[in-house]
Each structure stands twice: as C-alpha cells, then as structure tokens.
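Novice:
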RNA sequence: GCCGCGUUGGUCAAGAGGUUAAGACGCCUCCCUUUCACGGAGGAAUCACGGGUUCGAGUCCCGUACGUGGUACCA
C-alpha cells in the first residue's frame, strides 16, 4: 500500500524561479520523498496580466536540472487533472456560489474606483489601509447591503461582480504550523477577501483550497509571507465542510538579502553580483537576462545542498549532502523559524566541495562548453578530464576551470613579464636554453624534468628558485596553477619549448 | 497604524533548565608548498534588552526594542 502523503509545489509562471522558489520546491519534494509520497506540480496561472510566456517551461527545466522528479504535473497529469489553474477555471465557481448560498460569501459589485474612494475616504494616519470587512461591507454595493431585487437587477444587467468571503467576527482562528507551532489569528482583523474575480478566475485563496482538497493534498509548505492569509483559507475549509481533512501546514522562513534586511530580490543579485535564479532567465518583455546558478558554473547538487542548508540542518556536523541523502534525512520539524541571509561565498564553497566529489569525466563534459565559450577548443575529452583532475581543488565554479586549466590547452596570450624582467640576466637565458636542449636526452616525466633543471641550475650557480617563477609565468601566464613540471609534462615537449622560447624573447 | 512571525559570533547554525555555548563560511597567524590552492595547527568574534519563574535560564513566562511579512479583483 502506497503511503498517502501528497505534497504540491504551486509555482506561478510570472517569470523566473528564484532562490526562495527553488527552496520551497525542494522542501516540498524532500518531504514527499522522505515519506514515499507524491510530489505534485500545480501551476498557478490565475493572473492573466502577470503571466509570462515560456515561464512554465522554464520552471520545469529548472526542476529537471536539479533532479527533482515530479509525480504529477501538467506535463504528466495524474488522477486529478488538469494541473493548471487556468484549465480548472470551471471548477471554482460552484464552490464560490455554494458559499454565497450558505451565507458565507456574497456578491460585490463595487468598481475599482468605488473601492479606491472607500479606501481614501476612510484612510487616516491611525489606519493607513482600510479594509473591506465587517466594519465597511454594509456601506458598499454588495448582496449584503442591497435588497434582493437590486441584486437581481444588477445580475440580470450583467454588471461585473466578484465574490467575497464573509469573514466572521470575533472568532479565534488557530492551527498548528509544523515549524512554528500554534498560530492564532482573530478573524475580525481579516478582511473580506475576493474569492472569485470578475473574470471568473479564482484568487489564490479559493484556488488553493479547492485544488488542494480536490487533489487530496496532505501537506502544504509555502513561504512565510503566506502566514497572514492562513485564517482565510482555514475559514474556507470550514465553510466548505472540508475541515476534517485539511492539510497540515508549514510556513518556511524567508531568504533574505546578504546586506541589510529584507527579502532577497532579483535586484540584489544584479547589485551584489550573484545569481538569484536557478537558470538564466530572459524576461521576454524587457529582454533582460537574469543570470542563473547553472550558467554561473554551479553543479545542481551543490545548488540544492546550499539551498537546503539555508533554513534546515541535520543536527549533526555534516554539511555536504547529496540529494539522496537529503531525501532520507530531511524533516520539516528541523526547519528553522527565522529568515536566513544568503551568503554567496558559502554558496561557492558548497560548489567547491561538490566539485571535489564529482566524477571528473562528468566535470569534463560540463566544463567543455565553458572552455569553448572562452575560445579554447577541446578535441579530446579525456585530456580535459586529466587537466580537471590537476586543478579541481583550486576551483569553486565550473567557470574557474577556464582560468585554472585553460592554459593547458592554449598558450597564454599577452605574457606580462615586467615583474620578473628586472632580475633576469643572460645567465638565466643560457640556463633555460640548455634545459630545452636537454629535453632530447631525458624521459618526458615530471621528475626527470625537474631533476634536469635542478642539475643545470647547480652547474650555472643559479638558485633554482630564481627561475621557477619566470618559468611558471612563461608556461601559465600568471602566478597560479599546479606544479610547473606537471604542467610541462601535460602540455608536452613541443609546447613547452615554444612557450619558453616565447618567454625568453620577451625578456630580452 | 493594525495584525502575524521572528531575534545564538559578520553570515549559516547546534543547543529542547545545569555545556569550557558545537561545527561550517568568511577573516587573521603559523606549518606544508620555490606559484596559487588543497591539507594541517591555532586565533579573534555570539545568546537583543528588562523583568519574572527556578537552587540554577541561551533554553520556560511577560514586557520592551529591533527586524521582517501581510494589510490588492498579485501570488
């Protein structure tokens, strides 16, 4: 018998999938897997004005990249299809109407202007945002304040209307949050939220309750920003008579900007120079490309690991986890209550750790495009793999391989010899030239290369250390990289000769 | 304004009444290394504040401050 845990991630395709979104998806996913349940994607495309072309596919691409497999989704419908709210449109009205009949909701005919007028006229410094609630509803144009005849006339005349929930007064609405414990609200401070918009589409509050109930969702994990709207949804479960199988809830802490305070936004990424989207996201309206973690050179498992540790911890000292391990260890109770500031430095450290653990042949495949992007053609993947093995520990991102290993495939351009030129002399030039000649007599191995240079240096009465850095700069183009003789060994005799000769030329 | 939620080093965090208050990132010092890293050793740095409860409070309760979210026909 299959475990009946069913959790859903409900992205709204309004553009991109940022850190917070991926982490919400991740925690939902991990919980589902931990309990051998189903991970369901239900797309919240209820707001036609904010819907963005391609955004839905983009979301699925991101989930694919990080390896979160879905059990039911618009692409893979399960028993409760459809999985897109726009396609479920006809289902919502009946419940809204049912609430009106029961007296738990009502028709409201107020225009945008009328609402604005109400809010402006009631606005005081004490109360900067007046609500449509039990205090004001009787002054507005709705089926509560109007007579039945008036309502019928308006309905017959096809005057647009919305359906609003009639929130009860002085009722304590409480529930248990899996992360935060007992939460309670006073229903009097909650306003009469719109349930069904004038275009017939449900708002989030109605859609989420109806869909979760119909799709038999057992657990709802979402961002903390939804906490204030919980009482509305709880009241809906109650009014609709679904209270007994209301899902369990948990409100996840927010991901905050690294500097200062507040929710992390995509602007922070641009400002501080790090990605906030999982993958590159091109806004079709502005054509602005928002950088993604994937394209910045992150491994999906590192991205996931980093995100998981932002708000959750195992309680042990272990910090590096694979997706499999997370699926086994995750527990919603161990999620933190407070928001976490995003730290890009630590994110890169996670990537380095996973780079070190990753299979080098896979890294070669992933690195190739970055190399070629930088104008370094890779013909032999196994050669790239060997190069990667030499430098992995000094890389944080896949893109770092370009700098750290690129010179193994392409001689450095624009050598800067100024730092070594002052101390250079003819003796050293001679030494280097003799070393090049010695190549014909030695075996092309790291040790013999080093030994021959050591011997020659002794003969010339030059300290080996004095030519090591210059040699490195000739071969690498800078003060970095693996051992010089390993590099010479890797690039081969011809390349080594050419690079040294070119360097000597510049030192003349 | 009102309502909700939160508060352990710079950051992520462990901690569920008695601990020298873990660990990680970052920072600093040293070792290793004729580069840069990796690795190793060490260091600086924390329980927001005030009241209770208790023999004893980072841990429980209340208040304050601060932060944050909500207060839309957006999600």
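Numbering (my numbering), first residue to last: 49 to 556.
Cβ atoms here follow ideal geometry from the backbone N, Cα and C, with glycine treated the same way.
Using a 10 Å radius around the Cβ and a threshold of 16 neighbouring Cβ atoms, would you call residue 456 buried or exposed?
Specialist: Residue 456 sits at position 408 when you count from the first residue of the first chain. Classification for residue 456: buried.
Novice: For residue 124, which beta-bridge partners are listed by DSSP?
Specialist: The residue given as residue 124 occupies position 76 in the first chain. Beta-bridge pairing links residue 124 to 121.
Novice: Determine the closest residue to residue 143 out of 244, 60, 194, 114, with distance taken between C-alpha atoms.
Specialist: What you label residue 143 is simply residue 95 of the first chain in a count that begins at 1. Closest by alpha carbon: 244.
Novice: Would residue 58 pass as a contact of residue 90 if the rule is Cβ separation under 8 Å?
Specialist: What you label residue 58 is simply residue 10 of the first chain in a count that begins at 1. What you label residue 90 is simply residue 42 of the first chain in a count that begins at 1. Cβ distance < 8 Å, so residue 58 and residue 90 count as in contact.
Novice: Which same chain residues end up closer than 6 Å to residue 11 when comparing Cβ atoms and leaving out the 5 residues on each side of it in sequence?
Specialist: The structure shown does not extend to residue 11, since the chain is modelled only from 49 to 556, so the question has no answer here.
Novice: Based on DSSP bridge pairs, tell me the residues matched to residue 199.
Specialist: Your numbering for residue 199 matches position 151 in the first chain. Bridge partners of residue 199: none, in fact.
Novice: What does the alpha-carbon distance come out to for the pair residue 440 and residue 107?
Specialist: Here residue 440 corresponds to residue number 392 of the first chain, with the count starting at 1. Here residue 107 corresponds to residue number 59 of the first chain, with the count starting at 1. Cα-Cα distance, rounded: 31 Å.
Novice: Identify every residue that forms a DSSP beta bridge with residue 298.
Specialist: Reading the first chain from its first residue, position 250 is the one you call residue 298. In DSSP, residue 298 forms a bridge with 269.
Novice: Name the two residues that bound the continuous beta strand (DSSP E) containing residue 229.
Specialist: Translated into positions along the first chain, residue 229 becomes position 181. Here the beta strand (DSSP E) through residue 229 covers 229-234.
Novice: Quick check: the Cα distance between residue 49 and residue 86, rounded to an integer number of angstroms?
Specialist: Numbered from its first residue, the first chain carries residue 49 at position 1. Numbered from its first residue, the first chain carries residue 86 at position 38. In this predicted model, residue 49 has a pLDDT of only 40, less than 50, meaning its place in the structure is not dependable; the value taken from the coordinates is given anyway. Between residue 49 and residue 86, the C-alpha separation is close to 13 Å.
Novice: Distance, Cα to Cα, residue 60 vs residue 454?
Specialist: Here the question's residue 60 lines up with position 12 in the first chain. Here the question's residue 454 lines up with position 406 in the first chain. Taking the straight line from one Cα to the other gives about 41 Å.
Novice: Among 96, 445, 403, which has the Cα closest to the Cα of residue 252?
Specialist: Translated into positions along the first chain, residue 252 becomes position 204. Nearest of 96, 445, 403 to residue 252, Cα basis: 96.
Novice: Over what stretch of residues does the alpha helix (DSSP H) that includes residue 371 continue unbroken?
Specialist: Against the first chain, residue 371 aligns to sequence position 323. First-last of the alpha helix (DSSP H) with residue 371: 371-377.
Novice: Taking 8 Å as the cut-off, does the region 113-122 touch the region 143-160 (at least 3 CB pairs, one atom from each stretch)?
Specialist: Contact between the region 143-160 and the region 113-122 is absent, because fewer than three Cβ pairs lie under 8 Å.
Novice: Of all the options 552, 487, 446, 461, which has the alpha carbon lying nearest to the alpha carbon of residue 474?
Specialist: Translated into positions along the first chain, residue 474 becomes position 426. Residue 474 has its Cα closest to that of 552, out of 552, 487, 446, 461.
Novice: Would the region 325-336 count as touching the region 409-416 if we require 3 or more Cβ pairs under 8 Å?
Specialist: Contact fails: fewer than three Cβ-Cβ distances are below 8 Å.
Novice: Give me the Cα-Cα distance between residue 171 and residue 184, rounded to the nearest whole angstrom.
Specialist: By 1-based counting over the first chain, the position of residue 171 is 123. By 1-based counting over the first chain, the position of residue 184 is 136. C-alpha separation (whole angstroms): 12 Å.
Novice: Determine the DSSP secondary structure at residue 353, reduced to helix, strand or coil.
Specialist: Counting from one through the first chain, the residue named residue 353 turns up at place 305. Of the three classes helix, strand and coil, the one that applies to residue 353 here is helix, per DSSP.
Novice: What do you get for residue 201, buried or exposed, if any count of 16 or more other CB atoms within 10 angstroms of its CB means buried?
Specialist: In the first chain, the residue the question calls residue 201 occupies position 153. Exposed, by the Cβ-count rule.
Novice: For residue 55, name the three-state secondary structure that DSSP assigns.
Specialist: On the first chain, position 7 is the one that residue 55 refers to. Reduced to three states, the DSSP call for residue 55 is strand.
Novice: Leaving out five residues on either side along the sequence, give the residues of the same chain with a beta carbon under 7 Å from the beta carbon of residue 479.
Specialist: Position 431 of the first chain holds residue 479. The residues are 504, 505, 508, 510, 515.
Novice: Beta carbon of residue 448, beta carbon of residue 345: below 8 Å?
Specialist: On the first chain, residue 448 is found 400 positions in, with the first residue counted as 1. On the first chain, residue 345 is found 297 positions in, with the first residue counted as 1. Yes; because the gap between Cβ atoms is below 8 Å, this pair is in contact.
Novice: Can you give the Cα-Cα distance for residue 134 and residue 281, rounded to whole angstroms?
Specialist: Looking up residue 134 in the first chain gives position 86. Looking up residue 281 in the first chain gives position 233. Residue 134 and residue 281: Cα-Cα distance of roughly 20 Å.
Novice: Please name the residue in 403, 382, 366, 354 whose C-alpha comes closest to that of residue 394.
Specialist: As a working mapping, residue 394 is identified with position 346 in the first chain. Closest by alpha carbon: 354.
Novice: Taking all protein chains shown into account, decide if residue 323 is buried (16 or more other Cβ within 10 angstroms of its Cβ) or exposed.
Specialist: Counting from 1 along the first chain, the entry for residue 323 is found at position 275. Label assigned to residue 323: buried.
Novice: Look at the alpha carbon of residue 100 and the alpha carbon of residue 358, and state the distance between them as a whole number of angstroms.
Specialist: As a first step, residue 100 is located in the first chain; it is residue number 52 there, counting from the start. As a first step, residue 358 is located in the first chain; it is residue number 310 there, counting from the start. Each residue's Cα considered, the two are about 29 Å apart.
Novice: Curious, which full-length alpha helix (DSSP H) runs of at least 4 residues does the region 56-144 contain?
Specialist: If we require 4 residues or more, the alpha helix (DSSP H) runs fully inside the region 56-144 come out as 67-82, 103-114.
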